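Quick note, the working numbering runs 6 ahead of the 1-based positions in the sequence shown.
Backbone N, C-alpha and C define an ideal beta-carbon position, used for all residues, glycine too.
All of these numbers come straight from a predicted model, not from anything done at the bench.
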Amino acid sequence: MKSILFLACIVLATGCSRKTDDQYYEDAVEAQKGQEDDEAIELFQEMIKEYPQSPRVPEALYALGSLFQDRKKDFPKAIEMYKRIGEQYPDHATASNALFMVGFINNNELKNVDAARAAYEEFLKKYPSSPLVESARFELANLGKEPAELLKSTEEQRTVR
């Protein structure tokens, strides 16, 4: 009888254990791959809430930024996620890309040229060796221009050469 009770306690204890940060993250990535965006967002947010010190938090924030930007078209929320990376994890591998995306969204989606300029200038100061430096310089040189205007400008430059 004691062994049955002991076994029941073990089953209950293991059945009630909470997910690890890696489990939350992997489940969220799977949901994201399956186009289950709301579930992915919920899982990433839950992971961040339950494990705020996890080394996976910057990656989860970046994934949230991408989800809000690309799939939800909630650009202010995407910027919020990307900014958190830069503010809380400035040395993380995703930080330079996140700051670049703040500028990109402000310029290309929200048409907020001043905020885009500030983000790109900060990006160039903080991450001068990033592979995105040339893209940031291009964006800065062409802030506020529409795609058709950029195309025309590029074609004109080619004919001058």
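Less than 9 Å divides the Cβ of Ala84 from the Cβ of Gln75. Excluding residues up to 5 positions away in sequence, nothing lies with its Cβ nearer than 8 Å to the Cβ of Glu162 in the same chain.
Cα atoms of Asp33 and Glu45: separation of roughly 9 Å, rounded to the nearest angstrom. In the three-state reduction of the DSSP assignment, Gln41 falls in the coil class. Closest by C-alpha distance to Arg77, out of Ala124, Asp43, Arg164 and Leu105, is Asp43. Judged by pairs of C-beta atoms under 8 Å, the stretch 143-156 touches the stretch 112-122, as three or more such pairs exist. Judged by DSSP secondary structure, Phe144 falls within the alpha helix (DSSP H) whose first and last residues are Val139 to Ala147. Closest by C-alpha distance to Ile111, out of Ala101, Tyr126, Ile91 and Leu157, is Tyr126. Taking C-beta atoms as the reference points, Lys89 and Val63 fail to come closer than 9 Å.
A Cβ-Cβ separation of about 16 Å leaves Ala69 out of contact with Phe81 under the 8 Å criterion. Ser135 counts as exposed, since fewer than 16 other C-beta atoms from the protein chains shown sit within 10 angstroms of its C-beta.
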